[in-house]
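Asker: Before we start, here is the structure in question, set down as C-alpha cells.
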Amino acid sequence: ALGVKTLDIGVPTFGMHSIRELAGSQDAYLLSKALTQFFR
Numbered sequence: 930a931l932g933v934k935t936l937d938i939g940v941p942t943f944g945m946h947s948i949r950e951l952a953g954s955q956d957a958y959l960l961s962k963a964l965t966q967f968f969r
C-alpha cells in the first residue's frame, strides 16, 4: 500500500455489464453539478 487516499466516484448504473444496462441521460451532468458544489 502506498498510503495514497483515493475515492472512486461515478454515475451508478442498473444491471452493470448486462445486455440491458441502464443509466439516466442526465446522470453525468447532475454528477458534475453535485461535485462542483461539494468541492467549492
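So the numbering used here is basically just the index in the sequence shown, starting at one, shifted up by 929.
Backbone N, C-alpha and C define an ideal beta-carbon position, used for all residues, glycine too.
1. Give the DSSP-derived three-state secondary structure of Phe967 in the structure shown.
2. Report the option in Arg969, Gly953, Gln966 and Ile948 whose CA atom is closest to the CA atom of Val940.
3. What is the DSSP secondary structure of Leu951, reduced to helix, strand or coil?
4. Do Leu951 and Thr942 have their C-beta atoms closer together than 9 Å?
Answerer: Answer, in terms of the structure:
1. In the sequence shown, residue 967 corresponds to position 38, counting from 1. Of the three classes helix, strand and coil, the one that applies to Phe967 here is helix, per DSSP.
2. Looking up residue 940 in the sequence shown gives position 11. The candidate whose alpha carbon is nearest that of Val940 is Gly953.
3. Working through the sequence shown from its first residue, we reach residue 951 at position 22. Of the three classes helix, strand and coil, the one that applies to Leu951 here is strand, per DSSP.
4. Residue mapping note: residue 951 aligns to position 22 of the sequence shown, counting from 1. Residue mapping note: residue 942 aligns to position 13 of the sequence shown, counting from 1. Contact flag set, yes.
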